[in-house]
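Numbering of the sequence shown is given in my numbering, commencing with residue 1 and proceeding in unit increments. Remarks on the structure that follows.
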Amino acid sequence: MKRREFLKRSLAASALTGTAAGALSVVAADREPSGKREYYEWRVYHLKSPGDAAVLHEYLQGAAIPALNKLGVKPVGVFTQMERKVAQAKEELRDESAVWMLIPYPTLEVFATATARVNAQMESEKAGATYLRAAKSSPSFERIESWLMLAFSGMPRIELPPYSREKRARMFEVRTYESHSELKALKKVSMFNSGEIEVMRKVGLGPVFYGQALIGHALPHLTYMLSAENEDEHKKHWGVFRDDPTWKSMSADPQYADTVSKITNRFLVPAAYSQV
Numbered sequence: 001m002k003r004r005e006f007l008k009r010s011l012a013a014s015a016l017t018g019t020a021a022g023a024l025s026v027v028a029a030d031r032e033p034s035g036k037r038e039y040y041e042w043r044v045y046h047l048k049s050p051g052d053a054a055v056l057h058e059y060l061q062g063a064a065i066p067a068l069n070k071l072g073v074k075p076v077g078v079f080t081q082m083e084r085k086v087a088q089a090k091e092e093l094r095d096e097s098a099v100w101m102l103i104p105y106p107t108l109e110v111f112a113t114a115t116a117r118v119n120a121q122m123e124s125e126k127a128g129a130t131y132l133r134a135a136k137s138s139p140s141f142e143r144i145e146s147w148l149m150l151a152f153s154g155m156p157r158i159e160l161p162p163y164s165r166e167k168r169a170r171m172f173e174v175r176t177y178e179s180h181s182e183l184k185a186l187k188k189v190s191m192f193n194s195g196e197i198e199v200m201r202k203v204g205l206g207p208v209f210y211g212q213a214l215i216g217h218a219l220p221h222l223t224y225m226l227s228a229e230n231e232d233e234h235k236k237h238w239g240v241f242r243d244d245p246t247w248k249s250m251s252a253d254p255q256y257a258d259t260v261s262k263i264t265n266r267f268l269v270p271a272a273y274s275q276v
């Protein structure tokens with residue numbers, strides 16, 4: 001069996017055995033063919049301090065992202081913690097030293113082979129030499145975590161707002177909804193696909209992606225990203241959303257009751273070279 005096919009089948013088998021319930025949930029939640037829907041990796045690099053990020057950014061900008069783009073993986077987002085003067089809400093997560101990546105894959109096969117293919121390229125090895133060849137006594141990061149998600153049918157691909165395409169000032173809110181029940185988690189996905197996504201678009205919340213987590217901790221959950229030119233505009237958009245009659249009707253619909261048991265969010269800003 002060819003190595004590429006082996007990797008593809010191995011990943012599929014792992015998803016079904018290690019997270020069987022989550023994988024089956026996707027089938028129940030969204031019966032449309034998934035061929036045109038992207039897979040997202042939400043990756044976080046944990047660093048000892050913000051000052052340790054320079055080597056990582058050099059690698060991502062000069063090696064990893066150009067190599068990913070050659071594989072058809074784009075746009076790739078890179079983010080850091082947004083500085084906020086307001087008090088931290090109980091659901092808000094903050095990590096001053098972490099670096100996040102949003103990586104969209106067209107297929108599971110590309111996801112399974114991307115890391116090896118990226119770091120095997122001579123250009124990547126040269127541009128990312130300091131990062132890739134870091135000594136054990138002085139690692140480039142503490143650890144990497146990642147989640148694999150499947151795009152919602154209601155928004156099958158990343159959407160870039162004008163300020164992202166034009167590389168203007170912008171900020172992002174990443175929200176994660178955990179559920180106490182797999183059926184309730186599926187119902188929340190259905191709620192987004194049935195109208196909530198469109199309301200968010202309409203009121204200017206600038207959604208970038210919606211993903212149902214397939215692999216990662218704290219399953220079942222979904223994660224999505226919103227955007228705005230600044231925090232004040234973002235607050236205004238949320239206010240319009242909460243007053244929207246379609247949203248009010250959906251939120252009062254008994255079929256969507258108790259779909260979310262825990263909400264967390266974080267506010268991020270893009271790295272200068274981020275493609276999102």
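Think of the CB as a built atom: it goes at the ideal place given N, C-alpha and C, for glycine as much as any other residue.
- Look at residue 200 here: in three-state DSSP terms it is helix.
- Under the three-state reduction of DSSP output, residue 141 falls in the coil class, being neither helix nor strand.
- Per DSSP, residue 261 lies in no beta strand (DSSP E) segment and is marked neither H nor E.
- Collapsing the DSSP output to three states places residue 175 in a strand.
- Looking at the DSSP output, residue 128 sits in no beta bridge, so it has no partner there.
- Runs of the beta strand (DSSP E) lying entirely within the stretch 85-116 and spanning at least 3 residues, in chain order: 99-105.
- By the neighbour-count criterion, in which a residue is buried when 16 or more other Cβ atoms sit within 10 angstroms of its Cβ, residue 228 is buried.
- For residue 60, the secondary structure class from DSSP, reduced to helix, strand or coil, is helix.
- Its Cα nearest to that of residue 162, the residue 276 stands out among 276, 253, 46.
- With a 10 Å radius around the Cβ and a threshold of 16 neighbouring Cβ atoms, residue 80 comes out buried.
- Sequence-distant partners of residue 88 (beyond 5 residues in either direction) whose C-beta falls short of 8 angstroms from its own C-beta, in its chain, are 94.
- The shortest CA-to-CA distance from residue 98 to any of 112, 56, 117 is the one to 56.
- In this structure, DSSP gives residue 241 a helical state, which the three-state scheme calls helix.
- Counting the other CB atoms within 10 Å of its CB gives residue 166 a total below 16, which places it among the exposed residues.
- Looking from the CA of residue 66, the closest CA among 264, 207, 119 belongs to 119.
- Distances from the alpha-carbon of residue 179 to those of 272, 264, 126 put 264 closest.
- The stretch 39-52 and the stretch 116-136 do not touch, with fewer than 3 CB-CB distances between them shorter than 8 angstroms.
- Proximity to residue 72 across 111, 268, 216 peaks at 111, based on C-alpha coordinates.
- The three-state secondary structure of residue 227, taken from DSSP, is strand.
- One alpha carbon belongs to residue 144, the other to residue 102, and they sit about 13 angstroms apart.
- Pairing residue 127 with residue 37 gives a Cβ-Cβ distance that is not under 8 angstroms.
- Taking the Cα positions, residue 75 is about 28 angstroms away from residue 48.
- Residue 205 carries a coil assignment under DSSP once its states are collapsed to helix, strand and coil.
- Distance from the Cα of residue 210 is smallest, within the candidate group 70, 135, 100, 153, for 153.
- Secondary structure of residue 37 (DSSP, three-state): coil.
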